[in-house]
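> Dropping a structure here in structure tokens format, bear with me for questions.
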Amino acid sequence: MATSSSTSSRILLIVGGLVVVGLVVGFAAWSMGALGGGEDGTRVEVAEAERRTITQVVTAFGRAQPETEVTISPDVSGEIVELTVREGDKVKKGQLLTRLRPDNYIAEVERARAEVSQARATLSERRADSLQARQQFDRQKTLHEKGVVSDADFETAQSTYQQSVARLEAARYQVESAEARLQDAREQLEKTRIYAPMDGTVSKLNVEAGERVVGTTQMQGTEMMNIARLDQMELEVDVNENDVVNVALDDTAAIEVDAYPERSFRGSVTEIANSARVSGEGTQDQVTNFPVKIRVLDPHNVDARTVATNGSGVTRQEVPTGPEAPPNLRPGMSGTVDIFTQTLADVVSVPIQAVTVRDFNALDRDGEEPEGLDRKEDLRRVVFVAEADTARMVEVETSISDDTHVAVTSGLDGGERVIIGPYSAVSRELSEGDRIRIQDDNGESSSVEFASN
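The opening residue of the sequence shown carries number 308 in the numbering used here; numbering runs sequentially from there.
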């Protein structure tokens, strides 16, 4: 009797264990959507379509450079005998920068001056010859009229006089030519002294005293130094061909220079190139960019004590005002520029990932499409709106976007709950009328129903 009771208890324990295991497995399967709840629909994430300000931004990278920079090259060749500046020195317009050895050019001036003296002496001689020939011609003319001399003698005197006049005219031209050579020699001598063409800073110095430099008379000369206005810097950035169409002159910009990671500077578009820079042409890596220049509007490269109120005229508030202490921007510094191309205020917007594309021609067809039949696609932008436990597909028209949201110009009124994830569901799987389960912030499915708009 005791044995029978023990066997029954063992059987009850085994059955109870199996029931418990079955309940646990069933609950786990239900939680994972394998049973029961899995038929309730696709798990999705939602966000509210809300009104906000959208600013379209074009981001580009480039380097700082002065707005005005002049390369100094000598007009004449020679040895540098005096160099009065060093890199980084501030100079004034007309200040002596360097001097080349003038010996050869002084000799040229003296030679040209001697040629002028010789030409003038020749002119005086030709003038005397012409006067004598004129007197002889006048006497022969008088005697010829009286019939004293023959026609041959008269014609000889006339010819001699005309030749003397021509030689006198040639001597005058020789004097002018010699004087022009003298003037040119003096100018060449003057060019051995090189002066600053404007106020600025010696941003680059490529030569030292004692070096020989080549002038620009017949070929590209030696680039001796650069003078730049460092108090007005700009960034030249490369903007992709797909984005440059959105950029316009005077667009505001935010500039971040790598050397000043904690600062943001205001900028303005001053120049957009018409010709592209193409890299990797003819390959799969071909990139077409357009240079765009961005002027730095905040004070820089000046003594902080002299900084006055910035009158840049920027009224839009996309770019925050930087710190008062002006930075020291140097040519060649790299930076990032965010160009604010367009702003829409109080516009219905949704997260970018909520907008997808569907082929409406495929949606309108029932059954399978016959093989070999060419079908033209009708791609349109849509969003899926969560209405209770159902996804409703809404065709929308979009406008500009920022980093996170896109403006919706038609199709939504604001306040709708749009489906933003998962990506595979939004981009491919969801269809009109599909059942959905909305996932809350804790990753759990919510059965709360949302009123449709």
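Using N, Cα and C, we set each Cβ at its ideal position, and we do this for glycine too.
1) Reducing DSSP to helix, strand and coil, say where G386 ends up.
2) Taking only the alpha-carbon atoms, compute the straight-line gap between V576 and Q649 and give it to the nearest angstrom.
3) Classify Q469: buried if its beta carbon has 16 or more other beta carbons within 10 angstroms, exposed otherwise.
4) Below 8 Å on the Cβ atoms is my contact criterion, and I expect R687 with F667 to pass it. Report the Cβ-Cβ distance as a whole number of Å.
5) Measuring only the C-alpha atoms, how far is R406 from N608?
6) Determine the burial state of G642: buried for a count of at least 16 other Cβ atoms within 10 Å of its Cβ, exposed for fewer.
7) Pop quiz: G574 and A535 are said to be a contact at Cβ under 8 Å. What is the actual Cβ separation, rounded to whole angstroms?
8) Roughly how many angstroms separate the alpha carbons of N533 and T375, rounded to a whole number?
9) Which same chain residues end up closer than 6 Å to A478 when comparing Cβ atoms and leaving out the 5 residues on each side of it in sequence?
10) Assess contact between the segment 727 to 743 and the segment 380 to 400, defined as three or more Cβ pairs (one per stretch) separated by less than 8 Å. Is contact present?
11) Taking 8 Å as the cut-off, decide whether the C-beta atoms of G722 and V703 are in contact.
12) Taking the runs of the beta strand (DSSP E) that are 3 residues or longer, which of them lie wholly in the segment 451 to 536?
13) So, using beta-carbon positions, are D565 and M640 closer together than 8 Å?
14) Would you identify the three-state DSSP class for T378, choosing helix, strand or coil?
15) Express the C-alpha separation of A669 and E352 in angstroms, rounding to a whole number.
16) Indicate the three-state DSSP secondary structure (helix, strand or coil) for Q593 in the structure shown.
17) What is the C-beta distance between T467 and Y412, in whole angstroms, given that I count them as a contact (C-beta under 8 Å)?
18) Run the proximity test for V423: is its beta-carbon closer than 7 Å to any non-hydrogen atom belonging to the ligand NAP?
19) Which residues in the same chain as A615 place their Cβ atom closer than 6 Å to its Cβ, once the five residues preceding and following it in sequence are excluded?
20) Is there contact between the segment 541 to 561 and the segment 593 to 602, where contact requires at least three CB pairs shorter than 8 Å?
21) Rounded to the nearest angstrom, how far is the Cβ of T523 from that of S380, given a contact under 8 Å?
22) Going by the beta-carbon positions, is the gap between E355 and R699 smaller than 8 Å?
Judging by the given coordinates:
1) Per the sequence shown, residue 386 should be read as Glu rather than Gly. If DSSP states are grouped into helix, strand and coil, E386 belongs with the strands.
2) 13 Å
3) exposed
4) 6 Å
5) 30 Å
6) buried
7) 18 Å between Cβ atoms; not a contact.
8) 10 Å
9) T429, L430, R433
10) no
11) no
12) 500 to 502, 507 to 512, 532 to 535
13) yes
14) strand
15) 26 Å
16) coil
17) T467 to Y412, Cβ: 44 Å. No contact.
18) Ligands displayed in this structure: none; no statement on the ligand NAP is therefore possible.
19) Reliability of the predicted coordinates at A615 is poor, the pLDDT of 44 falling under 50, and the value obtained from them is presented with this limitation in mind. Cβ within range, chain order: n/a, list empty.
20) yes
21) 5 Å
22) no
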